[in-house]
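Residue numbers (the numbering used here): 6 to 228.
Using N, Cα and C, we set each Cβ at its ideal position, and we do this for glycine too.
Note that the structure is predicted; figures quoted are calculated from it, not measured.
First up is the structure itself, then whatever we jot down about it.
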Amino acid sequence: MKKDDLEARLQSLRSLLGPATLVAVSKYSPVEDVVEAYSCGQLEFGENRVSELKEKADYFQSKNLLNVRWHFIGTLQSNKIRDLFKVPNLVAIHSVGSMKVLHELLKRESEFQGSELKIFFQLNTSHEAEKSGFETAEELKEAVIFLKAQKHSKLKAFGLMTMGAIRSDDFEASAIKSFKDLKNTRDFVGDAALKLSMGMSQDYLLALKEGADYIRVGSLIFK
Ligand SMILES: *Cc1c(COP(=O)(O)O)cnc(C)c1O
C-alpha cells in the first residue's frame, strides 16, 4: 500500500476521533504495511491471532520500533496464553469472554513480560453463535469484581468490549443496540471508569456517537 494513501486514511479517521483512541486492526496486512502505518504516527495496533501477533511484534522489536502498543482482540484459547504473554509491548486484551479464560490468564501471569496489562471484558451483545463473550451482564460483572479483588495482579480491569451484529437486516440499528447494551452494562457493573471498546469499520461512527473510548478499525485503513 502507498504511504500517502495510508496517511490520508489515518488522518481522516483521526479527525473524527475526539478523545477516543484508534486501534488500527492490522490482521489483513503484512508487517511492512504495519510499519508504514507506524511511521505515520499510528502506535496502537490490534491483532486477532496470537501467532500472527507474535510474529509482527517480534519484527517490530527486532527493528527497534519500540513505541508500538499491541492489542489482542481475538478469541483466546487457553493453549495460546503462553505465547500471548511473550508478545513484546502487549498492552491490552480486548476479548476476555469467560471466567475460565480469566482464571487461565491469572494462573500464567508471571509469564507476562510487561508491567501492566489492560483487560477488557467482552459482552456478546448480538448473540450470534460465532461471537464469544459473556452472555449476560451478571456473569461479566462477577468477572470484573473477581479481577478487581486481585490487588497485586498485573492484569487490570480496564474496560468492556463488544461487536455489533455481522448479519442483520438493519446493521445500524443492531449496532446501536449493541453499543447501548454495553453502556448499560457498565452502569450495571457500577464503575464509570471502565472504558468502552466498540466500533469497527462499518459502525465506528455510531460507536463514537455512543461514547466509545476505543474503536478497532481494520479494513478501512488497510484494505
Ligand atoms: C477484524 C476485527 C476488527 C476490525 O474489523 P474491520 O471491519 O476490518 O474494521 C475489530 N474487532 C475485532 C474483534 C476484529 O476481529
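If we call anything under 8 Å between Cβ atoms a contact, is residue i one with residue j?
i: K161; j: K123; result: yes
i: S31; j: E60; result: no
i: G95; j: G119; result: The amino acid at residue 95 is misidentified as Gly; the sequence shows Leu. Going by C-beta atoms, L95 is nearer than 8 Å to G119.
i: K182; j: L201; result: no
i: V222; j: L18; result: yes
Alpha carbon to alpha carbon, how far is residue j from residue i? Give it in angstroms, no decimals.
i: T141; j: L111; result: 22 Å
i: R191; j: R87; result: 30 Å
i: S224; j: D38; result: 13 Å
i: F151; j: Y64; result: 35 Å
i: S56; j: A29; result: 18 Å
i: Q127; j: N84; result: 19 Å
i: L145; j: A197; result: 15 Å
i: T130; j: D218; result: 18 Å
i: L71; j: A178; result: 40 Å
i: S137; j: A97; result: 17 Å
i: N69; j: F50; result: 16 Å
i: L48; j: I226; result: 14 Å
i: K228; j: F163; result: 30 Å
i: A154; j: Q82; result: 24 Å
Apart from the five residues on each side of it in sequence, which residues of its chain come closer than 8 Å, Cβ to Cβ, to residue i?
i: R172; result: E133
Excluding five sequence neighbours on each side, which residues of the same chain lie with their C-beta closer than 6 Å to the C-beta of residue i?
i: V101; result: L107, I124 and F126
By Cβ distance below 7 Å, which residues in the same chain neighbour residue i in space, the five residues on each side in sequence not counted?
i: F117; result: F90 and K159
(request) Taking 8 Å as the threshold, find out whether the segment 7-21 comes into contact with the segment 186-206 through three or more Cβ pairs. (result) At 8 Å Cβ cutoff, the stretches do not touch.
(request) Ignoring anything shorter than 3 residues or poking outside the segment 18-68, list the beta strand (DSSP E) runs there in chain order. (result) Listed in chain order, they are 26-30 and 49-52.
(request) Just list the beta strand (DSSP E) runs in the segment 129-168, keeping only unbroken ones of 3 residues or longer that don't cross its boundaries, in chain order. (result) Segments of the beta strand (DSSP E) lying fully in the segment 129-168: 160-166.
(message) At 3 residues or longer, what runs of the beta strand (DSSP E) sit wholly inside the segment 181-216?
(response) Listed in chain order, they are 200-202.
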